[in-house]
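2 protein chains.
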Amino acid sequence: MNLDAYFEEFAARDWQTVDEGTVRVALVGLGGFAREHVLPALAGGARSDGTTDRTDLCEVTALVSGSREKAESVADEYGVDTILDYDQFEAGEGVDAFDAVYVAGPNALHLDYARTAAGHGKHVLCEKPIEVNADRAREMVRACEDAGVTLMVAYRPQVEPAMRRLREMVRDGILGDPVAFHGWFSGHILRQAGPDQWRLDPEMAGGGALMDVGVYPLNAVRFLLDADPVAARATTHSPDDEFTGVDEHVAFQLEFPDAVTASCSASYRAQADDRLRLVGTEGQAVLNPAFDSESHPTLTVECGDERVEYTGPYVNEVAEEFDYFAHCVLADATPEPDGRDSVADVETVEAIYESAETGRRVEVGDVNV
Amino acid sequence: MNLDAYFEEFAARDWQTVDEGTVRVALVGLGGFAREHVLPALAGGARSDGTTDRTDLCEVTALVSGSREKAESVADEYGVDTILDYDQFEAGEGVDAFDAVYVAGPNALHLDYARTAAGHGKHVLCEKPIEVNADRAREMVRACEDAGVTLMVAYRPQVEPAMRRLREMVRDGILGDPVAFHGWFSGHILRQAGPDQWRLDPEMAGGGALMDVGVYPLNAVRFLLDADPVAARATTHSPDDEFTGVDEHVAFQLEFPDAVTASCSASYRAQADDRLRLVGTEGQAVLNPAFDSESHPTLTVECGDERVEYTGPYVNEVAEEFDYFAHCVLADATPEPDGRDSVADVETVEAIYESAETGRRVEVGDVNV
């Protein structure tokens with residue numbers, strides 16, 4: 243095996259064809275992730291080594307929030323001129339100030355915000371999961387297609403260099419034929435944000451640990467295999483009162499074409515950890531950590547008796563993700579994690595929940611957008 | 243967390259109460275594992291550092307084989323006086339030369355050999371899996387109980403120090419409440435032994451990758467949790483002709499009490515690898531490698547932000563296993579991997595295969611011996 247080629251330009255933006263232009267982004271929703279990760283990445287967060295992680299191809303020019311006070315504080319800190327409440331956003335005020343929106347907030351509101359943005363002719367970067375069910379996800383895809391705007395769903399790992407290099411190795415047959423995937427994402431949501439949050443509201447979230455963190459290994463295995471699952475088998479458990487109505491723990495097994503399986507689990511109440519492993523007939527790869535937004539992954543590849551362990555240069559995944567989105571807008575390219583990609587995730591989520599409820603193997607519905 | 247206590251006497255034989263006496267063992271079947279691993283361990287195999295791995299409490303005093311030539315060659319090499327063919331063994335010839343038998347060979351023959359041994363009043367150490375189905379496994383248990391002889395099934399990992407220390411940590415709550423287990427065991431059986439072998443014969447083996455290697459993570463998670471699975475969901479695949487009638491790849495998911503799940507997979511045609519991971523509410527542990535007979539495992543334990551990675555002194559697992567068995571005979575103690583333990587494994591295997599065939603969640607039958 244010769245893996246040198248994959249490590250030589252490890253963090254190069256293999257997707258980039260355009261390096262000029264700026265996409266002006268309105269943040270819709272100023273929750274924790276937007277304030278702590280998105281704004282610093284877009285506005286130039288300082289890193290401990292003195293460099294910054296600032297995006298090259300986009301900037302924040304507008305904030306949409308239900309809290310004027312919070313929005314003003316953020317606007318001051320990051321030098322943003324346009325502040326809108328949700329009614330103003332809906333009515334189309336200030337639309338000249340931005341070219342695209344970043345939709346965060348409760349999953350069940352994504353469609354409404356995206357539809358509003360598309361109606362104003364704005365491109366959409368929507369947080370994952372795209373929506374609470376596949377019907378609403380398909381509606382979003384249609385709304386964006388009808389308006390002729392770009393729709394991307396914010397699966398950071400798809401632009402993370404280690405994940406992209408691993409996919410190239412899989413495509414090139416470095417691991418032989420893929421055989422089995424194992425993936426895991428867990429943490430303590432109650433310790434992070436307490437019990438009073440939309441992620442624990444089944445109406446707003448559409449599910450629990452699977453919807454919020456389990457979708458990462460689900461999306462990753464589809465990305466790495468370049469294939470969609472055929473069927474799902476799953477178990478969900480919610481032993482603790484705080485998780486009534488949403489899955490606290492989930493374990494799901496997916497069948498892919500060509501006899502490949504994925505064994506995944508996720509939890510809202512377990513030691514924080516996220517990793518994946520893909521085993522093939524001639525080798526295997528481990529990515530650890532694999533999904534966390536602040537991760538600096540180590541990629542370990544074994545083929546026969548050879549073993550390479552590699553940690554690439556640190557890349558701010560959020561900045562990378564926003565630049566990838568902006569690049570797709572500027573280059574008029576379709577993002578890989580587009581609406582169709584995310585509809586497939588949510589269709590799989592629906593099969594997983596149905597399997598957990600019925601105890602049966604459930605085939606994943608065809609993706610008909 | 244204070245883990246020092248677990249590492250201080252890492253490889254101490256916590257199970258040992260008797261250190262005198264010798265159990266004389268007859269090897270029934272002289273296949274590759276018996277010749278390459280068992281005989282050197284029992285007769286004092288030399289290690290590269292000059293020490294030996296010899297067992298303290300047992301020795302080989304008889305060989306049962308269908309090949310006189312092979313048996314004589316082995317007898318010469320290891321100084322064994324008694325050689326029997328299967329008819330002689332059945333008829334009770336030479337029974338004064340041994341106290342116990344080690345039953346290897348095709349799974350479907352284990353019951354017959356064990357019953358013969360028990361009929362002669364000999365203790366039984368039987369290779370895993372105990373038999374091809376739960377009915378035959380139960381028969382073996384009854385035969386040994388009726389004869390008043392010890393029955394142990396050769397799950398080496400249960401005497402491997404890292405596995406035992408990890409179980410103590412789980413019992414002591416070091417990881418909090420267990421949440422999810424992931425386990426994997428794979429290799430290339432065709433490259434090891436070609437297509438003409440009993441492991442690929444469904445009648446002789448009772449199954450494929452699950453029966454041979456998948457039972458390791460299955461047995462390990464039961465050992466670590468000290469619990470039996472409630473239900474199974476599974477997928478099997480055999481895309482290649484050599485595996486017609488047995489599972490080439492298997493992925494199985496087990497439900498345990500208290501909302502714990504196990505996500506496991508095994509393969510007869512994939513990069514050789516074996517490891518396990520147990521995640522709890524307050525920590526997680528990885529054992530890698532976990533199941534191979536020549537493994538020298540590294541145990542990694544994380545609790546919150548603390549992390550300990552530890553590789554204990556090398557222990558010859560086969561010697562350890564035989565001494566544990568001999569100790570149970572000498573001390574009149576019941577082995578942990580006894581017949582009942584193994585019946586539970588095979589009942590779970592049956593649920594797994596039924597789930598793979600029907601697509602349904604299958605409850606694991608009660609263990610009624």
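Chains as they are written, first to last, in the working numbering: chain A, 243 to 611; chain B, 243 to 611.
Even glycine gets a Cβ: it sits at the ideal position worked out from N, Cα and C.
It should be emphasised that the depicted structure is a prediction, and the values quoted were computed from it without experimental measurement.
Apart from sequence neighbours up to five positions away, the residues of its chain that approach Arg475/A with a beta-carbon distance below 6 Å are Gln495, Ser597, Arg603, ordered along the chain. For Glu373/B, the three-state secondary structure derived from DSSP is coil. At least one CB of chain B lies nearer than 7 Å to the CB of His491/A.
With three or more CB-CB distances shorter than 8 Å, the stretch 340 to 347 of chain A counts as touching the stretch 268 to 286 of chain A. Under the DSSP assignment, Tyr552/B falls in the beta strand (DSSP E) whose first and last residues are 548 to 553. Ranked by Cα distance from Leu442/B, the first of Ala350/B, Arg384/B, Ala283/B, Ala253/B is Ala350/B.
With contacts defined by Cβ atoms closer than 7 Å, Asp516/A and Pro531/A form a contacting pair. If you draw a 10 Å sphere on the C-beta of Ala247/B, you find fewer than 16 other C-beta atoms in it, and that means exposed. Our two residues, Pro371/A and Asp587/A, have alpha carbons roughly 8 Å apart in a direct line. By the beta-carbon neighbour count (other beta carbons within 10 angstroms, threshold 16), Asp547/B is exposed. The C-beta distance from Ala508/B to Trp440/B rounds to 18 Å, too long to meet the 8 Å contact threshold.
Within 9 Å of the CB of Trp426/B, the CB atoms of chain A belong to Ala422, His424, Ser505, Arg519, Val521, in sequence order along the chain. Here the alpha carbon of Asp354/B sits roughly 11 Å from the alpha carbon of Cys368/B. Per DSSP, the beta bridge partners of Trp426/A are Ser507/A, Arg517/A. One finds nothing in chain A with a Cβ atom closer than 9 Å to the Cβ of Thr542/B; even the nearest lies about 11 Å away.
The alpha-carbon separation between Gly334/A and Val472/A amounts to approximately 42 Å. Taking a beta-carbon distance threshold of 7 Å, Gly525/A counts as an interface residue toward chain B. For the set Ala573/A, Phe249/A, Arg378/A, Glu402/A, the Cα lying nearest the Cα of Ala561/A is the one of Glu402/A. Counting along the chain, the unbroken beta strand (DSSP E) around Ala493/B starts and ends at 491 to 498.
At least one CB of chain A lies nearer than 7 Å to the CB of Glu497/B. For the C-beta of Ser535/B, not a single chain A residue is nearer than 8 Å; the gap to the nearest is close to 18 Å. If you ignore the 5 residues before and after Arg409/B, its C-beta comes within less than 8 Å of the C-beta of Phe465, Leu466, Asp468, all in its own chain and listed in chain order. Here the stretch 311 to 327 of chain B makes no contact with the stretch 248 to 257 of chain B; the two share fewer than three CB pairs at distances below 8 Å. Only those residues of the stretch 355 to 372 of chain B whose C-beta falls short of 9 Å from the nearest C-beta of chain A would be listed, and there are none. Residues of the stretch 473 to 485 of chain A with a C-beta less than 7 Å from any C-beta of chain B: Arg475, Thr477, His479, Pro481, listed in chain order. In this structure, Glu497/A sits away from Gln526/A, with a CB-CB distance that is not shorter than 7 Å.
Residue ranges of uninterrupted alpha helix (DSSP H) with 4 or more members, entirely inside the stretch 320 to 380 of chain A and ordered along the chain, are 328 to 333, 352 to 361. Secondary structure at Asp583/B: helix, using DSSP grouped into helix, strand and coil. A residue is called buried when at least 16 other Cβ atoms come within 10 angstroms of its Cβ; Arg511/B meets this threshold and is buried. Against chain A, the CB of Gln400/B has no partner CB under 7 Å away; the residue lies outside that interface. At a cut-off of 7 Å between beta-carbon atoms, Gln513/B makes contact with chain A.
Between Leu393/A and Leu518/B, the alpha-carbon positions lie close to 39 Å from each other. DSSP assignment within the stretch 424 to 491 of chain B yields the following whole beta strand (DSSP E) runs of 3 residues or more, N-terminal first: 473 to 479. Closest by C-alpha distance to Gly336/A, out of Ile594/A, Lys364/A, Thr590/A, Thr523/A, is Lys364/A.
Cβ atoms of Val571/A and Val265/A come within 8 Å of each other, at about 5 Å. Comparing alpha carbon positions, the residue from Ala342/B, Phe423/B, Leu452/B closest to Gln513/A is Phe423/B.
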